[in-house]
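**Q** Take a look at this one; I'll ask things after.
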Amino acid sequence: MFAKFLVFLCLLLSANANLELWNKFKVKFNKNYASTAEHQARYEVFKSNLANIEEHNIRYEQGLETWYKAVNQFTDMTPEEFKKLLSAAPLKMNATNVHKSIVAIPDSIDWRYQGLVTDVKNQGGCGSCWTFSAVRTFLHWYTYAKLLNINIFEFQTGTLEGLYARLTGNLVSLSEQDLMDCCTDEAGYNGAACSGGIVQSGLDYVRDHGIVAESSYPYEGAQGSCRQGGSIFQISGYTEIAQNDEGDLKNAVGSVGPVSVALNADGYQSYGGGIYNDQSCSQSVNHGVLVVGYGSESGMDYWIIKNSWGADWGESGYIRMAIGYNLCAVAVQACYPNA
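Numbers -17 to -1, 1 to 322, taken from mature numbering (1 follows the signal peptide of the UniProt record, and there is no 0), label the letters of the sequence shown in order.
Printed below as a string of structure tokens:
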């Protein structure tokens, strides 16, 4: 009888703990549901995901995993619902320039500490990751150019002198909304706003029309009418990384700066921190992100990747992911813009 009482007590304490976490979760992420039935259904999903998080983190504490999971804004979503947020379009590789690894690079680098990376943003429930990736990599090149008055990279087409002369010297946040509204199928580009798009199409648009500062064209999380005009910069094109070549990607990040990549993010839903190393990760790309550096910890090399799901996700909006396995197809589709 006493044993049964202990089991009942443990279950009661667990239920109370789940309810407390659920209430905190709703407040932190401003969750509101349309009905009592939906509220209960979301709570059941939350509890299921919480159990999965706890099970995984036990393995992490035992040294069996290199990364841990955490509660975030996606914890009330099923895996199937989460995947619907991932909407980078299929592969398109047609740049006239291909990166050549001819420059020595440092053992590790993190462009966040060079003043080249803006704050993490949140695309919300819109599948606009491709615009964030395209805009961010262009922005980092825009800022990086001000540090140079010569073209030090033989593989980089165009010169940096003209770019340098036109820069203000400030880290300027650029408009994803500009791409969402204007870089569309109807305009001749492969972009479908919240339904997804190709990073390279965003760069094609910036090449043809330039891009507007975010301060004058802020993100709205939904497609609107194109308000073309007021561009502050244009690029001449973009350079692509050899497909499936992580060494080439690493050289580009170490010598050029942040690089846009498309990868598979199916397993990112509950990422909390550590070095993501899920060997079962698919090679089918569905999400656009930005590689801003690389490093090593306890003998494991990793990418430093900037996401667009806000600072509450992962390591303050970033994920570290293992190098050496082309994990999640990180090196399948990568590029950076040319000045």
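No residue lacks a Cβ here, since even glycine has one placed at the ideal position from N, Cα and C.
Small disclaimer: the values here were computed from a predicted structure and weren't measured.
1) According to DSSP, is TRP292 part of a helix, a strand, or is it coil?
2) Indicate the three-state DSSP secondary structure (helix, strand or coil) for ILE306 in the structure shown.
3) Let me know the secondary structure DSSP gives LYS14 once reduced to three states.
4) Would you call the stretch 269 to 281 in contact with the stretch 206 to 221, where contact means no fewer than 3 C-beta pairs closer than 8 Å?
5) Is the distance from the Cβ of LEU69 to the Cβ of ASN260 below 7 Å?
6) Buried or exposed for GLY271, please, with buried defined as at least 16 other CB atoms from any protein chain shown within 10 angstroms of its CB.
7) Just the Cα atoms here: how many angstroms apart are LEU310 and GLU169?
8) Take LYS66 and list the residues in its own chain whose beta-carbon comes closer than 8 Å to its own, dropping the five residues that flank it on each side.
9) Select from SER263, LYS83 and VAL275 the residue whose C-alpha is nearest the C-alpha of TYR285.
10) If you follow the alpha helix (DSSP H) that THR49 is part of, which residue opens it and which one closes it?
11) Let me make sure I understand the geometry here. Which of VAL315, GLU298 and VAL239 has the alpha-carbon closest to that of ILE92?
12) Indicate the three-state DSSP secondary structure (helix, strand or coil) for ASP93 in the structure shown.
13) Quick one: what does DSSP say GLY278 is sitting in, helix, strand or coil?
14) Kindly indicate the opening and closing residues of the alpha helix (DSSP H) around PRO62.
15) Applying the 10 Å Cβ sphere with the 16-neighbour rule, what's the burial state of ALA322?
16) How many angstroms separate the CA atom of LYS(-14) from the CA atom of MET304?
17) Take every Cβ of the stretch 29 to 48, pair it with every Cβ of the stretch 183 to 195, and state whether three or more of those distances are shorter than 8 Å.
18) Measuring straight from C-alpha to C-alpha, what distance separates SER299 and LEU2?
19) Compare the Cα-Cα distances from TYR202 to each of TYR221, LEU157, GLY212 and ILE88 and report the closest residue.
20) If we count the other Cβ atoms within 10 Å of its Cβ and call it buried at 16 or more, is GLN252 buried or exposed?
21) Round the Cβ separation of ASN247 and SER267 to the nearest angstrom and send it over; I've been treating them as touching at under 8 Å.
22) State yes or no: is the beta carbon of GLN56 nearer than 7 Å to at least one beta carbon in chain B?
23) On the three-state DSSP scale, how would you describe LEU4?
24) Please state whether the Cβ-Cβ distance between VAL86 and GLU223 is less than 7 Å.
25) When the Cα atoms are used, what is the spatial distance from HIS123 to GLY220?
**A** Answer, in terms of the structure:
1) Residue state, collapsed to three classes: strand.
2) The answer is coil: DSSP assigns ILE306 none of H, G, I, E or B.
3) When secondary structure is reduced to three states using DSSP, LYS14 falls in the coil class, being assigned neither helix nor strand.
4) The stretch 269 to 281 and the stretch 206 to 221 do not touch, with fewer than 3 CB-CB distances between them shorter than 8 Å.
5) Not closer than 7 Å, so no.
6) With 16 or more other Cβ atoms within 10 Å, it is buried.
7) The straight-line gap from Cα to Cα measures roughly 34 Å.
8) For LYS66, where only same-chain residues beyond five positions count, the Cβ hits under 8 Å are ASP249 and ASN269.
9) Out of SER263, LYS83 and VAL275, VAL275 has the C-alpha closest to the C-alpha of TYR285.
10) Premise fails: THR49 is in no alpha helix (DSSP H) and is neither H nor E.
11) ILE92 has its Cα closest to that of VAL239, out of VAL315, GLU298 and VAL239.
12) The three-state secondary structure of ASP93, taken from DSSP, is strand.
13) DSSP places GLY278 within a strand segment (E or B) once states are collapsed to three.
14) Element bounds for PRO62: 62 to 66.
15) Buried: at least 16 other Cβ atoms inside 10 Å.
16) With a pLDDT of 38 at LYS(-14), under the threshold of 50, the modelled position of this residue cannot be trusted; read the value that follows with caution. In this structure, the straight-line span from the alpha carbon of LYS(-14) to that of MET304 is close to 45 Å.
17) Contact fails: fewer than three Cβ-Cβ distances are below 8 Å.
18) SER299 and LEU2 have their C-alpha atoms some 26 Å from each other.
19) Selected option, being the one with the closest Cα: LEU157.
20) Classification for GLN252: buried.
21) SER267 and ASN247 do touch by the CB rule: their CB atoms are close to 6 Å apart, below 8 Å.
22) Among the chains in the structure shown there is no chain B, since it carries only a single protein chain.
23) The answer is helix: DSSP assigns LEU4 an H, G or I state.
24) No, the Cβ-Cβ distance between VAL86 and GLU223 is not below 7 Å.
25) For HIS123, the pLDDT reaches just 45, beneath the cut-off of 50, and the residue's location in the model is therefore unreliable, although a value from the coordinates is still provided. One C-alpha to the other measures close to 15 Å.
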